[in-house]
Each structure stands twice: as C-alpha cells, then as structure tokens.
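These notes concern the structure reproduced below.
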Amino acid sequence: MRLNRARKTIRNLILCALLWALVYTMLGFPPYTVRGMLDRVERQYLLSDLEPLLTVRESQKPRFQFFGRHTICLLARTGDTYVFTEWNRHFLETVHESRRELKMGQGVLCAAWKGTIYAAGPFENAASAVLEVTPELWKREKLVKSKTFPLQGERLGDQVFGFSYPLGYHSWTFEEYDPEDLPEEELTLYGACYAWYHESFDGGGSLRHGEVPCVLTLYDAAGAELARYDLSLDNYEITWW
C-alpha cells in the first residue's frame, strides 16, 4: 500500500521518536534538569527531599564542535545535610562527577570550584561572613610554614556565602625558590596551595592531596560574632580550574 505524504510524515516522526528513545536509553537516561540531577543524587546516595540552594553554570564551545560543553554545579540540602555536586553535559550525554566526587557535610559544608569557595549552612541570621584559609607546608611530618588568607564573603542565598580568590599560576618557578623560601608578598592562596603541596621527583612532579584548614566566622549586622566553624578543603579544590 502506497503511503500519502501525511502518512509518510507521521511514520518518519514515529521513527525519529523511537530512535531518540533508543539513544536516550543507551546513554543511561541522563537527567537534563536540576530536579532530575538531584533525583539521581538522592537515589545514588540514599538521600531524600534535596532542596536546591545554588546553581552555578559554565559553558564552553571548543572550536570545530557544533555542540558546546556545559558544567553545572549544584549546592543542595536535606535537613542538616548539605551536598555539592558537579555535572557535565555535552549534547545528549550528561555525566555525573566526571572529574570530582560529590562532597557532603553535616551542619555546614565548604567546597571550592574555579576561584570561589562556597559555604552552606544555617546562615539566615548572618549579615556578613569571613573565611580564613590556611595552607600549610609540611616536611618530614613537621609543620614548617603556614599562611592565613582572609576572604570576605558575598551572600549568594539565605544559606550560602561565596568567597572569591584569584586563580592563576605564580610568577616564580620551582627552580628559582624552594617552597619554604617563596617571597611572602607574592604568595597567593592559589600559589600556596599549589607550591606547598607539590612533590617533585626526577623527570617531573605531582600535586598531592592535602587538607587545608579553614575557619568560617559569621557576624550580625552590628559586627558581633554569631558563630564560628572549623572546616577544611582539599587543596585540589582550591587549585581546580
């Protein structure tokens, strides 16, 4: 039986829908919305009722590629549990935690991503916040040097503050200075977290994971201290591009 134009159009649409459903299934039913991503986190980590607090998006379109690449970072909470998770999307593919693991905290959470440290917690009554980040240089299990970098917070939501710091490589090299003798006036938070946690060996070097102590202090409108939290960040978070 020959099909007329209308029937051919309907047939082609049905075939396209079936093909799309097949591709979607092969990709593992990837979520495309914030709610869908949080639902996936709930199932994977046995959580429930995650409430989104902050969404950070970054898009890049490499040359000679028709579809761009999108990164979505989510801060969310359920009860007093806070989570920070990253998703990467390219065309129909959405990958969860392709480069970093989900971070979870009870009461308060601190996580860094591309030049901003995000702190989430019960901060509704705070008028301002300061985060003091203290990279440390250890040699032979002995603390040799440390430096504290105070960062002023910017309110990003009822329960979220953001603390920005400059990204960028240092102007010095490991051939010029030993990490212990780096010029104090040139030492940035990024530089300290890179140089002091760097391990050199013949033919190269690598950046080891290390916990960087942080102290978050909240203040009321009159400048009185409301609360103080002892937290930490992985140096990889601070130096992550």
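Take 67 as the starting number for the sequence shown in the working numbering and just add one per residue.
Idealized CB from N, CA, C, for every residue including glycine.
Between which two residues does the alpha helix (DSSP H) carrying residue i extend?
i	result
Gln172	Careful: Gln172 lies outside any alpha helix (DSSP H), inside the beta strand (DSSP E) at 169 to 172.
Leu217	First-last for Leu217: 215 to 218, but that is the beta strand (DSSP E), not the alpha helix (DSSP H).
Leu248	From DSSP, Leu248 is part of no alpha helix (DSSP H); its letter is neither H nor E.
Tyr302	301 to 304
Leu104	100 to 111
Once you ignore the five residues that flank residue i on each side, which residues in its own chain have a CB closer than 8 Å to its CB?
i	result
Glu291	Thr283, Leu284, Tyr285
Val278	Val199, Thr200, Pro201, Glu202, Cys259, Ser298, Leu299, Asp300, Asn301, Ile304
Arg294	Val281, Leu282, Thr283, Leu284
Glu167	none
Val196	Pro216, Leu217, Gln218, Gly219, Leu282, Thr283, Tyr285
On the premise that residue j lies in contact with residue i, defined as a C-beta separation below 8 Å, what is that separation, rounded to the nearest angstrom?
i	j	result
Glu190	Gln225	7 Å
Thr151	Leu140	5 Å
Thr99	Leu116	Incorrect: roughly 13 Å between the Cβ atoms, too far for contact.
Please classify residue i as buried or exposed, where buried requires at least 16 other C-beta atoms within 10 Å of its C-beta.
i	result
Lys169	buried
Gly187	buried
Ile76	exposed
Arg155	buried
Ala287	exposed
Ile80	exposed
Let me check one thing: in DSSP terms, what residues is residue i bridge-paired to?
i	result
Glu265	Ser272
Ala142	Pro118, Val149
Thr182	Trp179, Ser230
Cys317	Any property of residue 317 remains undetermined from this structure, which presents the chain solely from 67 to 307.
Leu209	Trp204
What residues in its chain sit with their C-beta under 6 Å from that of residue i, if we drop five residues either side in the sequence?
i	result
Tyr260	Thr305
Gly276	Tyr263, Asn301
Leu174	Sequence check: residue 174 is Val here, not Leu. Cβ within range, chain order: Gly187, Tyr295.
Does the distance between the C-beta of residue i and the nearest non-hydrogen atom of the ligand ADP fall short of 7 Å?
i	result
Glu265	Although the ligand ADP was asked about, the structure shown includes no ligands whatsoever.
Let's see if you can read the secondary structure: which residues bound the beta strand (DSSP E) around residue i?
i	result
Glu197	The sequence shown places Leu at residue 197, rather than the Glu named in the question. Per DSSP, Leu197 belongs to the beta strand (DSSP E) from 194 to 199.
Glu202	202 to 205
Kindly list the residues whose CB is nearer than 7 Å to the CB of residue i, restricted to its own chain and excluding five residues on each side of it in sequence; keep chain order.
i	result
Leu222	Leu120, Gly228
Val210	Leu203, Trp204, Glu246
Glu108	Ser114, Leu116
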